[in-house]
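Data block below; observations after.
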Amino acid sequence: MARVFNFAAGPSALPESVLAECAAEMLDYHGCGMSVLEMSHRSSSYQQIFDDAEATLRRIANIPSNYRVLFLQGGATLQFAGIPMNLMVSGRAGYLVTGNFAAKAEREARKYGEVDVLATSEYTGFDRIPEVAGVGELAEATGYDYVYICQNNTIFGTQYHELPQTGEVPLVSDVSSCFLAEPIDVTRYGLVYAGAQKNAGCAGVTVVIVRDDLIENGPALPCCPTYLDYREQAEKGSMLNTPNTFGIYLCGKVYHWIEAAGGLAAMERMNREKSGLIYDYLDQSHLFHGHAQPASRSIANVTFRTGDERLDAAFVDGATQRGLVGVKGHRLVGGMRASVYNAVPIEGVRALVDYMAEFEDEHTK
Ligand SMILES: *Cc1c(COP(=O)(O)O)cnc(C)c1O
1 MARVFNFAAG PSALPESVLA ECAAEMLDYH GCGMSVLEMS HRSSSYQQIF
51 DDAEATLRRI ANIPSNYRVL FLQGGATLQF AGIPMNLMVS GRAGYLVTGN
101 FAAKAEREAR KYGEVDVLAT SEYTGFDRIP EVAGVGELAE ATGYDYVYIC
151 QNNTIFGTQY HELPQTGEVP LVSDVSSCFL AEPIDVTRYG LVYAGAQKNA
201 GCAGVTVVIV RDDLIENGPA LPCCPTYLDY REQAEKGSML NTPNTFGIYL
251 CGKVYHWIEA AGGLAAMERM NREKSGLIYD YLDQSHLFHG HAQPASRSIA
301 NVTFRTGDER LDAAFVDGAT QRGLVGVKGH RLVGGMRASV YNAVPIEGVR
351 ALVDYMAEFE DEHTK
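The sequence shown begins at 1 in the UniProt record's numbering and counts up by one.
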């Protein structure tokens, strides 16, 4: 068995021990005589798996009891619609556009209400988080139902290091690529959500964490599909219909792995160390340049390029040959992207930086 170092942005690396546990339990889960894949979601064995996943997530992310946790399907993308349909009570929201996924969410929300773009970094190639001072006063004065951000911009490699103050207006955040990468203060948000395949599980599970009072009256828009009705999903324990049973089981194992490794503070330390190794290299390199402005750098996705597309392609090929896979950048940015999520070991990052140095040496003579 030869496992590679996987820097893919999502689906992405999972802890080897989690995969091994899933494999060991595949044919017979704890003496049930069947796989989790074959289990009724209404069975008590499965309910235990589900409850344990939620309880573990609540512990590691310190989620207060007045927040509901939903395990949904449809990716982060479905929530681009679910959020306005549930929360646009007065029909108006403010969006901060910091990349492709924020722009998609903003465009989707326009189908359901009035949307104001409060700030964007589009004109500098989404290389930074824009200035957000004053957003709170504006949001309160306008009476927005919520202010929306994408906290870590997976494609561009930027991240909010301070959340915008939104006063009484709920902050809604897409944390898909930074969820469980560092401690999170859930009380800062009205709703926070993440597709699990980036840093916290596998594709097909989206975790939505939402404050009780925002959903107690049901969806703002009567056209909201039952599946996206957060109140209904909360009342039915995310089992309004068949959930992604295996995906939630796997997410639960990832949560346990994080807890055993020291929790979110330990994840943050490791992720800062890993991303820092690459950023330190970039800061002194004469060949590679980072895409993100230093103050906006992501601890999860590191974007860089040489400025020469052929060299970028040669770098990606050479990396793949060395078992460093998934470093090709997204087509919107080009160049390279190393996603150094929780399950990517520091040895992989060291190997990548060594290869960058070797490549630079070879191509700057
Ligand atoms: C990947 C990603 C999405 C889209 O997720 P899907 O699960 O493919 O719908 C949205 N937002 C962010 C920040 C992402 O990284």
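Note that CB positions come from ideal geometry on N, CA and C, so glycine has one too.
Residue nearest to residue i in terms of C-alpha spacing, selected from the options
i, options, result
"Ser12", "Phe359, Leu352, His363, Ala343", "Ala343"
"Gly195", "Ser176, Gln284, His291, Met267", "Ser176"
"Asp116", "Ala338, Tyr123, Ala102", "Ala102"
"Cys178", "Pro170, Val192, Asp213", "Val192"
"Glu309", "Gln321, Arg322, Gly329", "Gly329"
"Ile63", "Val210, Ala261, Gly348", "Val210"
"Asp52", "Leu37, Tyr67, Phe71", "Phe71"
"Met88", "Glu235, Leu163, Leu171", "Leu171"
"Val327", "Asn301, Glu347, Phe246", "Asn301"
"Ser40", "Ile346, Ala319, Asn244, Gly307", "Asn244"
"Arg269", "Glu38, Glu25, Pro183, Glu54", "Pro183"
"Ala203", "Asn153, Gln321, Ser275, Gln73", "Gln73"
"Tyr227", "Asn86, Arg58, Thr56", "Asn86"
"Asp317", "Ser44, Glu347, Met356", "Met356"
"Thr142", "Gln151, Asn153, Gln159, Gly167", "Gly167"
"Asn66", "His286, Gly91, Thr187", "Thr187"
"Ser173", "Gln151, His161, Glu162", "Gln151"
"Met336", "Gly307, Pro345, Glu347, Cys223", "Gly307"
"Leu163", "Ile155, Gly136, Gly157", "Gly136"
"Ser90", "Tyr160, Leu221, Pro225", "Leu221"
"Tyr189", "Gly201, Ser43, Leu78, Asp213", "Asp213"
"Gly247", "Ala2, Gly157, Glu38", "Glu38"
"Gly157", "Gly31, Phe288, Thr303, Gly33", "Thr303"
"His161", "Val147, Leu138, Asp185", "Asp185"
"Ala61", "Gly276, Thr364, His289, Ala266", "Ala266"
CB-CB length for residue i against residue j, believed under 8 angstroms
i, j, result
"Ala181", "Tyr341", "7 angstroms"
"Val4", "Val325", "5 angstroms"
"Ala105", "Tyr95", "7 angstroms"
"His291", "Val333", "6 angstroms"
"Val169", "Glu140", "6 angstroms"
"Ala338", "Ile278", "6 angstroms"
"Val36", "Tyr249", "5 angstroms"
"Ala93", "Gly113", "6 angstroms"
"Thr154", "Ala351", "Contact flag wrong, Cβ pair sits at about 22 angstroms."
"Glu259", "Arg59", "7 angstroms"
"Leu287", "Glu358", "The pair is not a contact, with the Cβ atoms about 11 angstroms apart (cut-off 8 angstroms)."
"His289", "Arg305", "6 angstroms"
Helix, strand or coil at residue i [DSSP, three-state]
i, result
"Lys328", "strand"
"Arg107", "helix"
"residue 367", "Since the displayed the chain opens at 1 and closes at 365, residue 367 lies outside it and no answer follows."
"Val186", "helix"
"Arg350", "helix"
"Asp145", "coil"
"His289", "strand"
"Thr120", "strand"
"Leu36", "The residue asked about is misnamed: residue 36 is Val in this sequence, not Leu. Three-state result, Val36: helix."
"Arg128", "coil"
"Phe310", "Phe is not the amino acid found at residue 310; the sequence shown has Arg there. Helix, per DSSP."
"Tyr341", "coil"
"Cys22", "helix"
"Gln284", "helix"
"Asp28", "coil"
"Glu137", "helix"
"Glu41", "Here the sequence assigns His to residue 41, which means Glu is not the residue at that position. Residue state, collapsed to three classes: coil."
"Ala55", "helix"
"Lys253", "helix"
"Val274", "Contrary to the premise, residue 274 reads as Lys rather than Val in this sequence. Looking at Lys274 - three-state DSSP - the assignment turns out to be helix."
"Ser177", "coil"
"Leu14", "coil"
Which residues DSSP lists as bridging residue i, in chain order
i, result
"Leu159", "Per the sequence presented here, residue 159 reads as Gln, with Leu not at that position. Answer is Asn152."
"Asn6", "Val325"
"Ala93", "Val115"
"Phe304", "Gly290, Met336"
"Thr206", "Leu72, Gly195"
"Tyr67", "Arg211"
"Val172", "Tyr148, Leu191"
"Arg297", "Thr158"
beta-carbon residue i near ligand 3 non-hydrogen atom, thresh 7 angstroms
i, result
"Ser177", "Among the ligands present in this structure, namely ligand 1, ligand 3 is not found."
Cβ of residue i within 8 angstroms of any chain B Cβ
i, result
"Asp185", "Absent from the structure: chain B. Only one protein chain is present."
Q. Taking contact to mean at least 3 C-beta pairs separated by less than 8 angstroms, is the region 106-116 in contact with the region 210-217?
A. No: fewer than three Cβ pairs fall under 8 angstroms.
Q: State whether the region 122-141 contacts the region 295-306, with contact taken as three or more CB pairs (one from each stretch) at a distance under 8 angstroms.
A: Put simply, the region 122-141 touches the region 295-306. At least three CB pairs are less than 8 angstroms apart.
Q: Examine the Cβ distances between the region 304-317 and the region 230-243 and report whether three or more of them are shorter than 8 angstroms.
A: Taking 8 angstroms as the limit for Cβ pairs, the verdict is that the region 230-243 does not touch the region 304-317.
Q) Counting pairs of Cβ atoms below 8 angstroms between the region 246-259 and the region 6-22, do you hit three or more? A) When C-beta atoms of the region 246-259 are compared with those of the region 6-22, three or more pairs fall below 8 angstroms, so the two segments count as touching.
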